[in-house]
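FYI, in the numbering used here the residues of the sequence shown are 4 to 305.
Cβ coordinates follow ideal geometry from the N, Cα and C atoms, glycine included.
Every value quoted in this text rests on a predicted model; they were computed, and no experiment measured them.
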Amino acid sequence: MSSINTRDYETQAPLRVAFLGLGVMGFPMAGHLAKAGHEVTVYNRSPGKAAAWVAEFGGQSAPTPRAAAEKAQIVFCCVGNDDDLRSVVLGEQGALAGMSAGSIFVDHTTASAQVARELFAIAAEKGIGFVDAPVSGGQAGAQNGKLTVMCGGTPEHFNAMRPLAMNFAQAVTLLGESGAGQLSKMVNQICIAGLVQALSEGIAFGQAAGLDMNQVLDVIDKGAAQSWQMENRGSTMIEGRFDFGFAVDWMRKDLGLVLDEAKRNGARVPVTALVDQFYADIQQMGGQRWDTSSLIQRLRKN
4 MSSINTRDYE TQAPLRVAFL GLGVMGFPMA GHLAKAGHEV TVYNRSPGKA AAWVAEFGGQ
64 SAPTPRAAAE KAQIVFCCVG NDDDLRSVVL GEQGALAGMS AGSIFVDHTT ASAQVARELF
124 AIAAEKGIGF VDAPVSGGQA GAQNGKLTVM CGGTPEHFNA MRPLAMNFAQ AVTLLGESGA
184 GQLSKMVNQI CIAGLVQALS EGIAFGQAAG LDMNQVLDVI DKGAAQSWQM ENRGSTMIEG
244 RFDFGFAVDW MRKDLGLVLD EAKRNGARVP VTALVDQFYA DIQQMGGQRW DTSSLIQRLR
304 KN
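See the structure below:
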């Protein structure tokens with residue numbers, strides 16, 4: 004069974020591309036690039052994942068980020084955090100060491116705005132473009148090729164990478180200079196945190212009151228309370244199923260980025276800080292790998 008759901012891809016001239024990081028997001032994202040006809044070389048820290056990708060999609064794997072990036076016109080990346088990103092970009096075996104002037108590095112990692120600006124400047128010294136391009140849509144969005152991509156960088160480099168990113172996305176938007184993509188992803192996570200907590204409280208309240216919450220959500224989803232979270236996670240929250248996409252550990256990493264940035268820019272995010280602590284409670288309950296809708300578990304009556 005394929006790890007992606009193929010879709011209609013726009014006809015494009017095949018390019019030589021690399022993809023670094025084949026986790027739950029990167030594996031299908033790279034797969035869409037291959038299915039669209041591009042010549043893809045992949046790198047993953049654990050070689051077995053890269054071998055599995057090649058077995059499914061063709062292309063080739065490389066032993067280091069530098070080797071994967073050599074001759075690539077565009078290098079895509081999706082790893083865990085700032086340190087992981089620096090480890091695949093910088094150094095003797097990092098991607099920048101293998102890239103040529105005029106090529107572009109596109110980072111889909113959810114990382115800090117600071118590291119995006121840092122790597123943008125280092126890449127620019129080498130004549131290489133850098134676009135920070137975190138994504139939203141989760142594992143299902145990656146598999147279905149329907150991610151939302153928030154970008155920071157120059158219009159020139161954005162316009163060059165956008166057609167390729169549209170192979171795994173439904174929207175790819177330039178939101179400002181370097182770092183703007185990461186800051187926009189932080190706004191996205193702030194909104195999700197508040198929505199999921201409110202939905203959790205609403206469902207728990209309704210259940211305590213003896214209401215048929217599936218019926219209630221079906222009604223209020225047609226009004227002002229409607230949200231993606233309600234449509235896609237409401238019924239599974241009622242059932243107590245939390246095996247979808249984006250894990251609590253990852254959300255806490257992202258909210259940590261938000262809180263660090265808020266300290267720098269002076270923004271007040273009291274609800275976000277509180278929900279971050281609620282997610283810490285979920286981790287203490289053993290829910291590190293549950294998805295973000297598991298917030299409701301804090302409110303369940305034992």
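{"Item": "Residues of its chain near Leu198, where Cβ-Cβ distance is below 7 Å and the 5 sequence neighbours each way are ignored", "Value": "Ser230, Gln232"}
{"Item": "Euclidean distance between Cα positions of Ala98 and Met240", "Value": "41 Å"}
{"Item": "Beta-carbon spacing of Gly155, Gly130 below 8 Å", "Value": "no"}
{"Item": "Between the CA atoms of Gln287 and Ala201 - distance to the nearest angstrom", "Value": "21 Å"}
{"Item": "Length-filtered (4 minimum) alpha helix (DSSP H) runs lying within the region 18-67", "Value": "29-38, 50-60"}
{"Item": "Supposed contact pair Gly101 and Ala72 - C-beta distance, whole angstroms, cut 8 Å", "Value": "4 Å"}
{"Item": "Local conformation of Phe108 per DSSP, three classes", "Value": "strand"}
{"Item": "Supposed close pair Phe79, His111 - CB separation, criterion 8 Å", "Value": "6 Å"}
{"Item": "Cys81 burial status per 10 Å Cβ neighbour count (16 or more: buried)", "Value": "buried"}
{"Item": "Nonlocal neighbours in the same chain, by C-beta distance under 7 Å from Ile299, ignoring five residues either side", "Value": "Ser203, Ile206, Ala207, Met240"}
{"Item": "Gly144, DSSP secondary structure in three states", "Value": "helix"}
{"Item": "Beta-carbon spacing of Pro68, Leu23 below 8 Å", "Value": "yes"}
{"Item": "Range covered by the alpha helix (DSSP H) that runs through Asp224", "Value": "Careful: Asp224 lies outside any alpha helix (DSSP H) and carries neither H nor E."}
{"Item": "Rounded straight-line distance, which links the Cα of Ala124 to that of Pro137", "Value": "18 Å"}
{"Item": "Environment of Gly289 [buried if 16+ CB atoms lie within 10 Å]", "Value": "exposed"}
{"Item": "Meets three-Cβ-pair contact criterion under 8 Å: the region 164-172 and the region 189-198", "Value": "no"}
{"Item": "Separation of Ala75 from Ala55, as counted between CA atoms", "Value": "21 Å"}
{"Item": "Among Ala283, Gly243, Asn147, Ala276, nearest to Ser296 - alpha-carbon criterion", "Value": "Gly243"}
{"Item": "C-alpha gap between Phe60 and Ser6, whole angstroms", "Value": "10 Å"}
{"Item": "Proximity to Asp257 [Cα-Cα], best of Ala228, Ile107, Ser139", "Value": "Ser139"}
{"Item": "Coil, strand or helix - Gly269 by DSSP", "Value": "coil"}
{"Item": "Cβ pair Gly226, Met216 closer than 8 Å", "Value": "no"}
{"Item": "Entirely enclosed beta strand (DSSP E) segments - the region 69-125, minimum 3 residues", "Value": "77-80, 107-110"}
{"Item": "Residue of Gly141, Tyr46, Val118 minimising C-alpha distance to Gln96", "Value": "Tyr46"}
{"Item": "DSSP three-state assignment for Phe208, whether helix, strand or coil", "Value": "helix"}
{"Item": "Exposed unless 16 or more other CB atoms sit within 10 angstroms - verdict on Gly148", "Value": "buried"}
{"Item": "N- and C-terminal bounds of the beta strand (DSSP E) containing Ala174", "Value": "172-177"}
{"Item": "Span of the beta strand (DSSP E), counted from its first residue to its last, around Leu150", "Value": "150-154"}
{"Item": "Thr14 burial status per 10 Å Cβ neighbour count (16 or more: buried)", "Value": "exposed"}
{"Item": "Cβ-based neighbour list, Trp279, same chain, cut-off 7 Å, excluding 5 preceding and 5 following", "Value": "Reading the sequence as shown, one finds Asp at residue 279 and not Trp. For Asp279, where only same-chain residues beyond five positions count, the Cβ hits under 7 Å are Arg255, Leu258, Leu262."}
{"Item": "For Met28 and Leu150, the rounded distance between their alpha carbons", "Value": "10 Å"}
{"Item": "DSSP state of Gly309 mapped onto helix, strand, coil", "Value": "The question about residue 309 has no answer, for the chain in this structure spans 4 to 305."}
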